[in-house]
Amino acid sequence: MTFSDDDIKGLIRKQANLPRMAILGIVRTQGQCGTDRFNRLYNEATNGTLVPNDPPLAQQLVTGFQRAFDPAFLVNNMRGKGLTSYDTLATVLGITVLELLAQLRLAQDGSYNIYHDGNGNVELRDQVEKSAAIDVRQFNAKHHLYGVTGDNHLGSRYSRLDVLNALFDIWQEQGVTTVFQCGNIIDGEARFNRHDLLVTGIKGQVDYLIDNWPHRLGMTTEFVTGDDHEGWYVQREGIDIGRHIEAEAIRAGRSDLVYLGHMEKYLELKQGQGSALMSIMHAGGGTAYAISYTDQKIVESYQGGEKPNLLLVGHYHKFNHGYPREVNTIQVGCTEDQTPFMRKKKIQAHVGGVTLRFDQDDQGILHNVNVAWHPFYDRSFYAGTNWKYHWSQR
Ligand SMILES: [Fe+2]
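Residue numbers for the sequence shown follow numbering that gives the first Met the number 0, so the first one is 0 and each next one is one higher.
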């Protein structure tokens with residue numbers, strides 16, 4: 000771009016309060032103008048008089064350099080000015096709009112808080128913009144409510160039918176319609192649990208289960224089978240014990256015992272455009288030094304893409320709610336007292352069950368995950384025969 004003499008003289012008069020070299024810098028960045036021509040025009044525009052306080056040449060050069068390249072100089076000229084058009088700011092700085100935009104970018108990269116309004120105006124703001132608010136009203140598009148239990152070991156003399164029935168009373172009162180059972184619904188048979196059993200044989204144990212599993216109007220129990228206990232029938236006799244239990248229950252007039260699968264079942268919870276995954280699992284292996292360690296290790300062992308949003312775990316006879324790798328892991332406790340085997344191995348039993356509530360939004364994301372543990376104690380506590388501590392006001 001080439002300026003006419005009058006254009007340059009107009010610019011010189013407009014910027015007359017600036018050092019001469021700075022005005023030269025402005026003119027040069029906006030168009031072709033040699034020094035001789037500039038000096039001639041400068042003298043004409045200022046009636047042949049130099050600005051009296053014209054700074055030394057070196058300082059003028061520094062000032063000119065800052066105007067062209069220094070983001071700090073840029074923001075000093077923006078501070079307290081409010082919203083200013085690119086054209087105005089570029090003129091003040093003596094640079095082109097394109098150069099100004101490049102400088103604004105540099106300043107933003109240097110963490111200056113620069114705001115563009117999208118209409119050719121820019122501002123240096125003295126307040127950091129708050130993060131966009133999250134609309135929480137969408138979080139509870141669907142409410143979920145479940146009863147969760149596991150390791151009930153029906154058929155064992157250590158099984159706590161009183162606790163199981165009390166849990167169903169609680170869940171019925173809360174409006175639960177689906178109870179998830181995480182394996183070991185019966186005790187099964189092996190050489191080492193023979194003396195624990197009230198009933199023996201597959202028929203004996205399955206009939207006992209069908210007769211004694213709580214049956215409440217409108218409530219369904221969805222269960223998985225474990226590799227141990229009921230799984231001993233799978234390993235030894237080759238019987239799909241879960242399917243057998245479901246079929247025998249239907250034959251006996253009970254349609255509320257629904258078999259999900261052996262050892263593990265993923266359920267997809269669909270809502271709106273998305274879904275969440277809930278895994279119901281009967282784990283394996285021994286109990287760990289730290290209660291939470293087993294479910295952490297299960298989550299760690301998942302292959303890519305396998306991670307559920309909720310993991311309900313039976314097997315350890317413990318209660319725990321963890322959140323490793325953003326998976327809600329819930330060990331669901333048991334309804335069986337400590338057995339001689341557990342006594343020997345120094346394994347504690349957490350007797351009780353869980354009410355699980357959560358909300359789900361239309362992207363399938365879970366919110367407000369609420370794991371309520373219902374604890375129970377040994378039989379004699381409820382019989383009132385083992386109250387060792389007596390408190391008296393006298
Ligand atoms: Fe168990």
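All C-beta atoms, glycine included, are put in the ideal place defined by N, C-alpha and C.
The model shown is predicted, which means the values in this text are computed figures rather than measured ones.
For Glu267, the secondary structure class from DSSP, reduced to helix, strand or coil, is strand. In this structure, the alpha-carbon of Val205 lies about 25 Å from that of Ser278.
As computed with DSSP, Asp358 is found in a beta bridge with His142, His366.
Spatial neighbours of Pro323 in its own chain (CB-CB distance under 6 Å, excluding positions within 5 residues in sequence) are listed in chain order as Gln295, Val298. In this structure, the straight-line span from the alpha carbon of Tyr301 to that of Leu88 is close to 57 Å.
The nearest non-hydrogen atom of ligand 1 is less than 7 Å from the C-beta of Asn183. Here the distance from the Cβ of His349 to the nearest heavy atom of ligand 1 is not below 7 Å. Here the C-alpha atom of Gly109 lies approximately 10 Å from the C-alpha atom of Leu103. Put simply, of Leu276, Gly321, Ser291, Glu335 the residue whose alpha carbon is nearest the alpha carbon of Leu365 is Leu276. Here Arg39 is exposed: its Cβ has fewer than 16 other Cβ atoms, across all protein chains shown, within 10 Å. Look at Asp134: its beta carbon is at least 7 Å from all of the heavy atoms in ligand 1. Take Asp358, set aside five residues on each side of it, and the residues of its chain with a beta-carbon closer than 8 Å to its own are Phe138, Asn139, Ala140, Lys141, His142, His143, Leu365, His366, Asn367, in chain order.
Taking a C-beta distance under 8 Å as the contact criterion, Leu197 and Gly149 do not qualify as a contact pair.
The C-beta of Leu23 has 16 or more other C-beta atoms within 10 Å across all chains shown, which makes the residue buried. His228 has its CB nearer than 7 Å to a heavy atom of ligand 1. Taking 8 Å as the cut-off, the beta carbon of Ser158 is found no closer than this to the beta carbon of Asn164. As for any beta strand (DSSP E) of minimum length 3 sitting wholly inside the stretch 286 to 313, the runs are 309 to 313, ordered along the chain. Residue nearest to Leu309 within the set Gly241, Val350, Lys264, Asp336 is Lys264 (criterion: CA-CA distance).
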